[in-house]
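If you count the sequence shown from 1, position 2 lands on 389 in my numbering, and the numbers rise without skipping. All remarks here apply to the structure that follows.
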Amino acid sequence: MRLKLPVNDNPQHKFHKKEIAAELKNAFNSVSSFIEKHTSIVCPDCKNVCCIDKHGRYDDSDLVILRVLGIEKNHNDQSDHEETSPCRFLRKDGCSRQRWERPFRCTHFFCNPLLKSLENDRAKSYRIFIEQLQYLVEIRRKLLDIHL
Ligand code: SF4
Ligand code: SF4
Numbered sequence: 388m389r390l391k392l393p394v395n396d397n398p399q400h401k402f403h404k405k406e407i408a409a410e411l412k413n414a415f416n417s418v419s420s421f422i423e424k425h426t427s428i429v430c431p432d433c434k435n436v437c438c439i440d441k442h443g444r445y446d447d448s449d450l451v452i453l454r455v456l457g458i459e460k461n462h463n464d465q466s467d468h469e470e471t472s473p474c475r476f477l478r479k480d481g482c483s484r485q486r487w488e489r490p491f492r493c494t495h496f497f498c499n500p501l502l503k504s505l506e507n508d509r510a511k512s513y514r515i516f517i518e519q520l521q522y523l524v525e526i527r528r529k530l531l532d533i534h535l
């Protein structure tokens, strides 16, 4: 089943939307390497991997963002995937989606071991990461505010 997307076609929004969309991709990229540095430390030993199909499904906000970013196909068909089976986007070498294409929870969820690992990095690196993450959340919120 496809989720119904909210629509706002006000042309005044188009310029800002484009700028913010580009900024959003940059913001996702800016947090990615720090997160991946730490998932590569903690995830190989994980006994309860979070990349199950339920977590790879887009919510309404994700679908709005994807549409603004120009991805019409949302891959949200749940008919042939059990919620607890491995995520449809998971491959041998990890997630097949670029970070900005994934459901937002995939970037914004930190299990305890991952959180601990992030916090144990250099204080400056962790502080910069937190600032970048806050900025990402803010940019995404702005894009949703414009579009909803
Ligand atoms: S992020 Fe946490 S829960 Fe998910 S696979 Fe890595 S260690 Fe496991
Ligand atoms: S979309 Fe990627 S990061 Fe998210 S649950 Fe699926 S495989 Fe994991």
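For every residue, glycine included, the Cβ atom is placed at its ideal position computed from N, Cα and C.
So, at 8 angstroms on beta carbons, what are the nonlocal neighbours of residue i in its own chain, with the 5 sequence-adjacent residues on each side left out?
i	result
LEU411	ILE452, LEU456, TRP487, LEU523, ILE526, ARG527, LEU530
PRO536	This structure does not reach residue 536, given that the chain is present from 388 up to 535, and the question cannot be answered.
LYS482	This sequence places Cys at residue 482; Lys is not what is there. Contacts found: CYS438, CYS474, PHE476, ARG489, CYS493.
GLU506	TYR513
ILE407	ILE526, LYS529, LEU530, ILE533
GLU470	ILE439, ASP440, LYS441
ASN397	Per-residue confidence for ASN397 stands at a pLDDT of 49, beneath the threshold of 50, marking its modelled position as unreliable; the derived number appears in the next sentence. Excluding sequence neighbours, ASN397 sits near nothing in its chain.
LYS424	ASP508
Tell me which residues share the same chain as residue i and place their Cβ nearer than 6 angstroms to its Cβ, disregarding the 5 neighbours each side in the sequence.
i	result
PHE516	PHE421
GLN519	SER417, VAL418
SER472	ASP440
PHE491	ASP449
Apart from the five residues on each side of it in sequence, which residues of its chain come closer than 7 angstroms, Cβ to Cβ, to residue i?
i	result
CYS498	CYS437
GLY443	CYS474, ARG475, PHE476, PRO490
ILE458	GLU488
For residue i, decide whether its Cβ has a neighbour in chain B, counting only Cβ atoms nearer than 7 angstroms.
i	result
CYS430	In summary, chain B is missing from the structure at hand, where a single protein chain is found.
Ignoring anything shorter than 4 residues, give me the alpha helix (DSSP H) runs that lie fully in the region 427-515, in order along the chain. Within the region 427-515, the complete alpha helix (DSSP H) runs of at least 4 residues fall at 447-455, 492-495, 499-506.
Using the beta-carbon of each residue, find all residues closer than 7 angstroms to any heavy atom of ligand 1 and list them in chain order. THR426, VAL429, CYS430, CYS433, ASN435, VAL436, CYS437, CYS438, CYS498, PRO500, LEU501
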